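All residue numbers for the sequence shown refer to numbering that gives the first Met the number 0, where the first residue is 0 and numbers rise by one. The beta-carbon is built from N, C-alpha and C at its ideal position, and this holds for glycine as well. A quick note: this is a predicted structure, and the numbers were derived from the prediction, not measured. Inspection log for the structure reproduced underneath, given as structure tokens.
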Amino acid sequence: MSYSGETNTECPLTPLDSARFIMERARHVSINLPSLQKLATTISSAMMDGECTTEDWIGSDVGPPTGDSTSMIDWIFLTSTLNFSFWTNDKEKGSYCRKYKDKLYHGYEAMCVAINQAIYDGIDMLNAEYYSRITMNDLENIFRPLDNSPPLPMLNERLKVLHETGSILLQEYRGHFIHCIEQNGGNAIDLVELIVKTFPAYRDESVYDGQRVSFYKRAQILVSDIWGCFNGHGIGHFIDMDRLTMFADYRVPQVLAHEGVLVYSSELKKRLERKEEITFGDSDECEIRAASILAVHLIANHVNEKSPLEKDTGDFGERLNEPLVDVYLWRKRRQQAQIYEQTPFHRAPIRRRIRVWDWSTWDNQCYLLNDRNNQSMLYYDLYGLGGFGGLFDLYDIVVYVVLVVLVVYLIYMILWSMWSWWFWWFWWSWWFWWSCGL
């Protein structure tokens, strides 16, 4: 279970290797193996009863509308792109809600039914051309909350992510994500890497103890939902689904903590109980997410050892993989929300990466990261030059000042060059004619 690689800052570790690396050094989060084995037994029984599946998701109010493969995949891509930060600090108003067909939905599911309602109303939501240019007024109308319900959090952030992701989808894959899958060849890990490389908003990475680590929550959700949508067949057939990890967000860790699988230090537990926001990339956040990934990995291994099946071939339901464990735990938390809400969860506002410029020759990438309050930060990666990835707390004003200084300096140099040429030409001409006159 130990990580055997060397510490480096040039390339991030895979999510599973990241989890191993972090948990070998974790100070505030640990895994309780007896509780883990108990939960694994429960999940094994659920698996035998057919509860570890996503088949009932297809055609449901919170799933993709049934239709052609291209549209279904575009729906999954859109919802995966927007699948972040549904929690609020307003306990009185609760979470973002929508009513659809006389049923009440919260959080992520409310967002999904809002998208389905928009499609039903004739809005071209699955068209990348549309959402790459969507206005804030249109977005607010599409995701309008139920009366007395708080709005969908981070709408400004979601607007910018839609603009960026839609533009890239149009440029790279003719506006449809199915073309990205067709280039892949049925390999889940390769597809995750392609998504992360192509779409900056999916680059879920941090630095822990000097090592670049990755979690890739939404990229893995995207691949897993496509696999589940098509029952592991056709365009949804991936030969290596058992190599994906769980989706390290904040709800499944809440379930694992409630079940006693994750154990928090008294210091971290107090922070969570006070509902303190944990900075994105903070060591506590990394440890919670890493512990969740490793715990679900151990649960899946334990269940498969107790109920041995053939190696996962990518066909739906042949073997319990970690995405299915995640789906089971996430649904369990939904079904018993009042019970699990007694356990605090970590609140880490997501930050997005917007490509500002990309010097492909040097493999340099520069991004602006925005936090929950739309304060911008600068993320600078120097892969090809052997540099490092890090987070620098620079607000927009600093970036703008630097750009203004560069522009002013450039203008100054141009004017100085012009003035210098005219100046010497004038004096040389004057001297020449004066000399001729003598």
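For residue i, does the three-state DSSP call read helix, strand or coil?
| i | result |
| --- | --- |
| residue 94 | coil |
| residue 416 | helix |
| residue 262 | strand |
| residue 15 | helix |
| residue 103 | strand |
| residue 181 | helix |
| residue 192 | helix |
| residue 23 | coil |
| residue 446 | What is shown of the chain runs 0 to 437, which leaves residue 446 out entirely. |
| residue 73 | helix |
| residue 33 | helix |
| residue 438 | The structure shown does not extend to residue 438, since the chain is modelled only from 0 to 437, so the question has no answer here. |
| residue 10 | coil |
| residue 247 | coil |
| residue 151 | coil |
| residue 390 | Because residue 390 carries a pLDDT of 36, less than 50, the predicted location of this residue cannot be relied on, and the following value inherits that uncertainty. Here residue 390 sits in strand by DSSP. |
| residue 238 | coil |
| residue 115 | helix |
| residue 78 | helix |
| residue 355 | Bear in mind that a pLDDT of 36 at residue 355, under 50, signals an unreliable position, so the model cannot answer this. |
Less than 9 angstroms separating the beta-carbons of residue i and residue j?
| i | j | result |
| --- | --- | --- |
| residue 82 | residue 110 | yes |
| residue 127 | residue 73 | yes |
| residue 405 | residue 211 | no |
| residue 441 | residue 153 | The shown model of the chain, from 0 to 437, leaves out residue 441, and the question about it has no answer. |
| residue 291 | residue 252 | yes |
| residue 321 | residue 245 | yes |
Could you spell out where the beta strand (DSSP E) holding residue i opens and where it closes?
| i | result |
| --- | --- |
| residue 211 | 210–213 |
| residue 29 | 28–30 |
| residue 205 | 204–207 |
What are the boundary residues of the alpha helix (DSSP H) that includes residue i?
| i | result |
| --- | --- |
| residue 84 | Taken as a continuous stretch (DSSP letters only), residue 84 belongs to no alpha helix (DSSP H), as it is neither H nor E. |
| residue 217 | 216–228 |
| residue 283 | 282–305 |
| residue 140 | 135–141 |
| residue 254 | 250–257 |
| residue 160 | 154–172 |
| residue 129 | 127–130 |
So, under 8 angstroms CB-CB, residue i and residue j are touching, yes? Tell me the CB distance rounded to an integer number of Å.
| i | j | result |
| --- | --- | --- |
| residue 217 | residue 17 | Going by Cβ atoms, the distance from residue 217 to residue 17 rounds to 16 angstroms, so no, they are not a contact pair. |
| residue 135 | residue 158 | 6 angstroms |
| residue 43 | residue 302 | 5 angstroms |
| residue 439 | residue 199 | Lying before the first or after the last residue shown, residue 439 is absent from the chain, which here runs from 0 to 437. |
Quiz item: Counting pairs of beta carbons, one from the region 183–194 and one from the region 227–241, are three or more of them closer than 8 angstroms?
Solution: Contact between the region 183–194 and the region 227–241 is present, because at least three Cβ pairs lie under 8 angstroms.
Quiz item: Should the region 22–37 be regarded as contacting the region 252–267, the criterion being three or more beta carbon pairs within less than 8 angstroms?
Solution: Output reads yes: the region 252–267 touches the region 22–37.
Quiz prompt | Contact the region 144–155 vs the region 168–177: 3+ CB pairs below 8 angstroms | solution = They do not touch, by the three-pair rule.
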